[in-house]
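Numbering (this note's numbering), first residue to last: 4 to 277.
Note that the Cβ used here is the ideal one computed from N, Cα and C, for glycine as well.
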Amino acid sequence: MNHNKKKILKVTALFVFMFFLGWGAGSLQKQQMKKTVETVSVQNQADNWGLGFGAEGTQPTGNVTADELKKYNAWYVGDKNKKTIYLTFDCGYENGNTEPILDALKKHNAKATFFVVGHFLESAPDIVKRMEEEGHAVGNHTYHHPDMSSISELASFQKEIDDVASLYQSITGKEMIKYYRPPQGKYSTKNLEMAKELGYHTFFWSLAYVDWNVDDQPTKDEAFDKLLTRIHPGAIVLLHSTSKTNGDILDELLTKWEEMGYTFAPLSELIEES
């Protein structure tokens with residue numbers, strides 16, 4: 004009787020052991036699969052360009068370091084020891100504010116880069132010609148302004164870029180400079196690799212403010228509160244040419260920055276110094 008009980012207990016114990024052994028192995032396998040999926044997700048994840056600001060007058064940190072970006076011929080900021088500002092404007096469409104911006108730049112002899120989309124080239128070719136004639140760079144902001152981080156094929160990525168460059172050349176008779184800015188600041192490592200493969204320099208920014216909503220424009224004081232307190236050496240400034248506030252304040256803004264000891268330089272100088 005005791006012998007039978009012992010036998011039953013041994014069988015039961017063995018069954019329980021095998022059950023938990025199988026459960027543990029299955030659980031471990033599931034955890035490993037989950038970890039693998041998470042790793043793939045992180046590697047392929049798109050990101051939005053973002054900044055973190057510290058003390059006034061100091062460079063912000065980006066969600067990718069300047070050194071890491073340089074591997075892809077990409078920048079978001081210049082030399083922290085030089086009070087240089089690189090002016091850039093994103094141009095989605097023309098609504099009467101780009102020419103006042105150009106007037107202010109001309110007054111201050113400041114050269115900027117205008118990142119244009121297909122619609123701007125189609126609808127405002129004379130302004131594009133003026134940009135080129137006055138010594139500004141006209142960069143590539145893609146033809147349709149899509150989320151480029153969702154594009155994984157080189158052919159599709161290249162078409163968005165090439166269509167802008169082709170139209171620019173037909174308007175100005177000159178080859179477009181190979182400067183690229185990702186629409187909405189959305190990017191992926193693959194995007195940066197593709198842009199570099201196509202010979203482009205990618206430019207993010209180290210200073211911007213909420214100026215793009217034409218129905219809710221910031222006041223002059225609100226604009227100065229952001230643009231004067233957050234300016235820093237080596238700043239790549241992003242402004243939108245659709246902003247009435249920018250058109251109204253740019254002359255005074257450039258004057259104030261000059262009074263703070265800053266000078267203006269084209270992005271070409273940033274590339275040369277890197």
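Cα-Cα separation between residue i and residue j, rounded to whole angstroms
i	j	result
Trp-66	Tyr-190	The identity of residue 66 in the sequence shown is Asn, whereas the question assumes Trp. Between Asn-66 and Tyr-190, the C-alpha separation is close to 12 Å.
Trp-78	Tyr-212	19 Å
Ile-130	Thr-101	8 Å
Phe-123	Asp-218	20 Å
Ile-88	Pro-236	7 Å
Glu-281	Lys-177	No information on residue 281 is available, as it lies outside the stretch 4 to 277 that the chain covers here.
Glu-275	His-147	30 Å
Met-179	Phe-267	22 Å
Pro-185	Asn-249	21 Å
Gly-264	Tyr-171	35 Å
Thr-145	Tyr-96	13 Å
Asp-50	Asp-106	35 Å
Glu-225	Ile-252	11 Å
Asp-166	Gln-187	19 Å
Lys-199	Val-119	19 Å
Leu-86	Gly-55	The sequence given here has Lys at residue 86, not Leu. If you take the alpha carbons of Lys-86 and Gly-55, they lie about 20 Å apart.
Asp-214	Ser-155	30 Å
Lys-132	Lys-110	18 Å
Glu-125	Met-134	15 Å
Ala-127	Gln-220	23 Å
Gly-57	His-204	27 Å
Pro-103	Glu-59	29 Å
Lys-223	Asn-216	15 Å
Gly-202	Tyr-183	10 Å
Proximity of residue i and residue j at Cβ, strictly below 8 Å
i	j	result
Asp-150	Leu-241	no
Leu-270	Ala-168	no
Ile-164	Asn-143	yes
Pro-63	Ser-209	yes
Tyr-75	Leu-157	no
Leu-273	Leu-256	no
Residue from the options with nearest C-alpha to residue i
i	options	result
Asn-98	Lys-259, Ala-268, Trp-260, Ser-246	Ser-246
Lys-114	Glu-136, Gly-237, Leu-90	Leu-90
Asp-281	Asp-50, Lys-86, Leu-108, Ala-58	Nothing about residue 281 can be read from this structure; the chain reaches only from 4 to 277.
Lys-181	Leu-257, Met-197, Ile-154, Lys-193	Met-197
Ile-234	Gly-81, Val-120, Lys-162	Gly-81
Thr-61	Thr-258, Ile-252, Leu-273, Thr-232	Thr-232
His-243	Gly-138, Leu-273, Thr-116	Thr-116
Phe-227	Asn-216, Asn-84, Asn-112, Lys-259	Lys-259
Lys-193	Phe-207, Phe-160, Lys-223	Phe-160
Ala-69	Glu-125, Gly-53, Ala-58	Gly-53
Phe-138	Glu-261, Thr-205, Asn-112	What sits at residue 138 in the sequence shown is Gly, not Phe. Residue Asn-112 is the option with its Cα nearest to Gly-138.
Asn-3	Glu-262, Glu-261, Ala-238	Any question about residue 3 goes unanswered here, given that the chain covers just 4 to 277.
Phe-206	Gly-57, Leu-72, Ala-58	Leu-72
For residue i, the three-state DSSP class (helix, strand or coil)
i	result
Thr-91	strand
Trp-260	helix
Ala-226	helix
Lys-74	coil
Val-167	helix
Met-36	Residue placement at Met-36 is flagged as unreliable, the pLDDT there being 34, under the threshold of 50; the coordinate-derived value follows with that caveat. Of the three classes helix, strand and coil, the one that applies to Met-36 here is helix, per DSSP.
Asp-218	coil
Phe-160	helix
Gly-65	strand
Thr-42	Here Thr-42 scores only 27 on pLDDT, less than 50, and its place in the model should not be relied on; the value that follows carries that caveat. Residue state, collapsed to three classes: helix.
Ile-239	strand
Gly-55	strand
Lys-189	strand
Asp-106	helix
Leu-201	coil
Leu-270	helix
Asn-47	In this prediction, Asn-47 scores a pLDDT of 42, lower than 50, which makes its location untrustworthy; the coordinate-derived value is nonetheless stated afterwards. It is helical.
Ser-277	coil
Gly-27	Bear in mind that a pLDDT of 40 at Gly-27, under 50, signals an unreliable position, so the model cannot answer this.
Beta carbon proximity, residue i to chain D, threshold 8 Å
i	result
Tyr-190	Absence of chain D from the displayed structure is noted, only one protein chain being present.
Q) Residue ranges of each beta strand (DSSP E) run of no fewer than 3 residues wholly in the segment 112–144, ordered along the chain? A) 116–119, 140–143
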